[in-house]
Amino acid sequence: MNRRSIAAAMLVACTLSAPQPAKAKITRIEIAKTEPAFGGQSFGAVGTYERITGKAFGEVDPKNPANARIQDLALAPRNARGMVEYTTDIDILRPKDESKGNNILLFNILNRGNKGLLQPFNLDTGTVAEMNALAKPGDGYLQRQGYSMVWFGWQADLLPGNNRLTMQVPAARNPDGSPITGLVRAEFVVMEAAKTQNLSSGWFTGMTHDSYPAVSTDNRTPLPDGFLPTLTVRARENAPRVPLPNSEWSFGSCAADGTVKPDAKAICLPAGFQPGRLYELIYRAKDPTVLGLGYAAARDLAVFLRDARADEAGTLNPISRRGQKAMVMGTSQSGRFIRSFLQLGFNRDEAGRKAYDAALPHIGGGLMPLSLRFAQPGRAWGQQIDHLYPAYDFPFNYARVQDPLTGRRQGILDRCRRDGTCPLIFHAATALEIWEARQSLGLTDPLGLRDIPDPANVRTYIMASTQHSPTPLPLPTAAPFGQCQQQANPNPHNWTMRALLTALTGWVRDGTAPPPSAVPRIADGTLVTPDLVRFPAIPANSYGNVVRPALRYLGATNPLHPLDFGKGYNAADGMGVISVEPPRTKAGSYGVLVPQVDADGIDLAGINNVVTAVPIGTYTGWNLFRKDRFEDGFCIFQGSFVPFARTRQERLDTGDPRLSIEERYPTPQAYAETVKAAADALVAKRYLLPEDAALLTEKARSEGIRLAP
């Protein structure tokens with residue numbers, strides 16, 4: 024050997040003998056049960072599926088820079104190897120004959136512990152309980168395509184129940200072992216009067232979330248530093264807060280006999296929490312859990328299930344197959360999880376490997392305040408409800424953009440672009456996300472003055488005239504229409520989401536170029552300020568014997584200002600420690616825009632599916648709260664549906680400017696031909712699958728003109 028070869032060999036030997044840094048990873052897979060899925064039902068050429076349930080055990084190195092954005096990881100207890108441990112539930116569906124699968128591992132980020140993967144793609148998947156139990160495959164679309172599907176717990180503040188998947192993580196402690204304490208703001212909004220709430224209860228969280236305990240159940244004696252918890256009530260988000268004396272409430276549970284059972288995780292208000300009111304508790308809590316470990320679980324489980332043969336004990340990876348691609352999909356809260364997961368750089372594991380090859384955040388505008396001390400990831404956003412939680416800090420765009428209000432220049436993909444681990448991304452949102460969730464900020468600069476194009480690895484699809492999640496049928500036939508003034512919007516997502524998933528699969532697995540983004544834009548006048556929307560005057564009516572009020576367009580939106588949560592909060596990453604509650608509003612306002620509409624009130628731009636391309640009524644991405652529920656504020660997550668008059672005379676008698684059903688579709692044949700033309704046009708653009716177009720066209724031919732959604 025020459026001198027250079029000898030030196031190289033010595034270097035390799037020294038490297039191999041030196042202590043190697045530990046790697047965050049899944050250390051153990053525990054399979055509790057493997058059984059036939061869906062009662063052994065077969066799905067086309069793919070055949071039957073198996074269901075695998077169990078747990079995954081992982082550990083994270085608090086000293087590794089890849090984990091630096093897990094809040095309080097350094098303050099978590101460690102095992103003998105100096106690692107922080109976690110455990111997560113897993114639930115897997117795989118084709119029994121893996122050779123018939125499509126080579127895609129499709130991971131679903133749970134929504135508050137609930138499985139949300141089947142519902143956007145399969146038809147008729149049943150209730151939340153049935154979906155969590157994987158009891159109903161619906162029409163089996165995902166199964167017929169051969170996807171292997173993975174669910175896992177990531178939200179460690181969930182209470183078990185209703186087949187929710189959970190995750191176990193440690194609480195952080197001070198270096199001397201004493202409890203960590205801090206400020207927590209809890210907002211209570213009830214649909215029915217109640218006397219007791221747990222401290223995590225809210226519009227979205229109910230009684231299903233574990234709470235950060237108060238440092239003391241005595242709410243009347245100030246703490247040594249003078250702090251005293253406060254409870255206030257107000258009629259709407261921008262109304263003055265009215266203090267409720269501490270003598271009128273307690274930390275505890277209200278008993279039927281009028282007594283209070285002390286409880287550091289609950290609040291008792293003997294007078295009762297009333298619907299249509301915002302109650303806000305600000306208290307001193309203790310024992311923050313290290314919720315940011317949910318990001319590590321999502322990262323390391325993806326790498327393990329896609330790439331590893333077995334765990335450290337030799338237990339085989341239950342879905343190991345060479346050459347698989349890992350895709351991640353999440354709806355609503357789960358879509359925001361995916362965006363923050365990418366923004367914080369978790370798509371790269373400690374060995375430099377890419378976790379997910381593709382991502383499909385669905386109706387998930389904004390970000391996820393998960394890696395935050397005393398985080399409350401179950402909270403969301405809204406014009407009236409959860410308005411002040413940190414879910415909408417800049418950055419808003421996947422592309423890198425300058426923000427004149429904060430002075431920061433950022434993009435969601437900054438970190439993965441630097442290390443080359445960005446996935447291919449389909450961002451799918453509804454019209455409601457634009458109206459209520461400020462989705463326009465992901466399409467424009469922060470002031471709403473110019474369009475911002477997607478990066479090369481991103482496509483954005485706005486599903487025109489849809490609400491956050493389509494309301495189930497049949498619609499209520501008499502007021503009150505839930506919490507809202509109008510019947511909600513039943514316009515489905517499934518047809519579009521199937522086409523998008525198929526296109527994303529083709530992009531990541533086969534290299535097939537995706538269909539173009541479909542969004543409203545400033546440049547062509549389809550994305551405008553609320554005062555420029557030309558919404559039709561839709562009068563009160565009783566079409567179909569359902570009495571409805573006039574659909575009033577108020578030109579409102581969900582405004583956004585930079586918020587100050589205190590010096591310890593890092594708004595650039597949504598991390599740190601909140602010390603100011605409620606947050607202070609900073610100067611400046613972001614330029615939130617909304618979709619322009621046609622003469623029927625249907626969005627002009629985005630993907631207009633067959634329902635809105637051949638409408639039987641007006642479908643909107645907004646609705647208003649009813650009189651006794653935050654009146655005229657956005658009815659959270661709800662759009663509106665107002666049918667057309669059936670005849671020209673009925674329309675004229677009502678004073679409705681929108682053409683009637685008979686004026687639009689003079690014969691059933693004309694209606695069926697219009698549906699076919701719309702379906703064919705969507706197929707040509709790859710926003711509808713050919714088999715779904717055939718199904719919708721045949722339905723129009725066989726059933727005639729739709730008179731109800």
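Taking the working numbering, the leading residue of the sequence shown gets 24, the next gets one more, and so forth.
Heads up, the beta-carbon is just placed ideally off N, CA and C, and yes, glycines get one too.
Give the DSSP-derived three-state secondary structure of residue i in the structure shown.
i      : result
Arg681 : coil
Ala217 : strand
Pro732 : coil
Gln166 : helix
Cys439 : helix
Arg344 : coil
Pro666 : strand
Ala336 : coil
Phe360 : helix
Phe66  : strand
Asp715 : helix
Trp645 : coil
Phe130 : strand
Ala45  : Low confidence applies to Ala45: its pLDDT is 38, below 50, so where it sits in the model is not reliable, and the reading given next is rough at best. Coil, per DSSP.
Gln191 : strand
Asn197 : coil
Val35  : At Val35 the pLDDT is 34, less than 50, meaning the model places this residue with poor confidence; the figure from the coordinates comes in the next sentence. It is helical.
Asp114 : strand
Lys119 : coil
Asp474 : strand
Leu523 : helix
Taking the straight line between their C-alpha atoms, what separation do you get for residue i and residue j?
i      : j      : result
Ala45  : Gly471 : Low local confidence applies: a pLDDT of 38 at Ala45 is under 50, so the model's placement there is unreliable, and no value is given.
Thr50  : Arg329 : 15 Å
Val83  : Leu140 : 28 Å
Val698 : Thr535 : 28 Å
Thr500 : Gln191 : 44 Å
Arg300 : Thr255 : 10 Å
Ser122 : Gly81  : 29 Å
Arg307 : Val107 : 26 Å
Lys284 : Ala460 : 39 Å
Trp174 : Gln356 : 15 Å
Leu574 : Ser565 : 13 Å
Ile457 : Arg571 : 25 Å
Gly229 : Gly161 : 28 Å
Met486 : Gln406 : 21 Å
Asn134 : Glu215 : 23 Å
Asp147 : Lys377 : 34 Å
Asp323 : Ala702 : 41 Å
Leu682 : Phe648 : 27 Å
Gly614 : Leu464 : 7 Å
Pro680 : Glu673 : 11 Å
Ala511 : Ala563 : 16 Å
Leu730 : Arg557 : 26 Å
Ala707 : Ala693 : 21 Å
Arg687 : Arg669 : 10 Å
Lys159 : Ala152 : 10 Å
Ile361 : Ala99  : 24 Å
Ala331 : Val531 : 20 Å
Asn221 : Glu210 : 11 Å
Under the rule that 16 or more other beta-carbon atoms within 10 Å means buried, what is residue i, buried or exposed?
i      : result
Asn261 : exposed
Gly281 : exposed
Asp21  : For the chain, the structure presents residues 24 to 732; residue 21 sits outside this window and is missing.
Pro183 : exposed
Lys48  : buried
Glu714 : exposed
Asn90  : buried
Asn102 : exposed
Ser270 : exposed
Thr641 : buried
Asp623 : buried
Which partner residues of residue i appear in the DSSP bridge assignment?
i      : result
His736 : Look at the range of the chain in this structure, 24 to 732, and you will see that residue 736 is not part of it.
Gly388 : Answer is none; Gly388 lacks a bridge partner.
Gly640 : Pro666
Gly77  : Ile54, Ile113
Ile7   : This structure cannot speak to residue 7, because the chain is shown only from 24 to 732.
Extract the residue ranges of the beta strand (DSSP E) inside the stretch 232-299, only unbroken runs of 3 or more that lie entirely within it. 253-257, 265-267, 273-277, 283-296
As an exercise, report each continuous beta strand (DSSP E) stretch of at least 3 residues that is fully enclosed by the stretch 394-469, in chain order. 447-453
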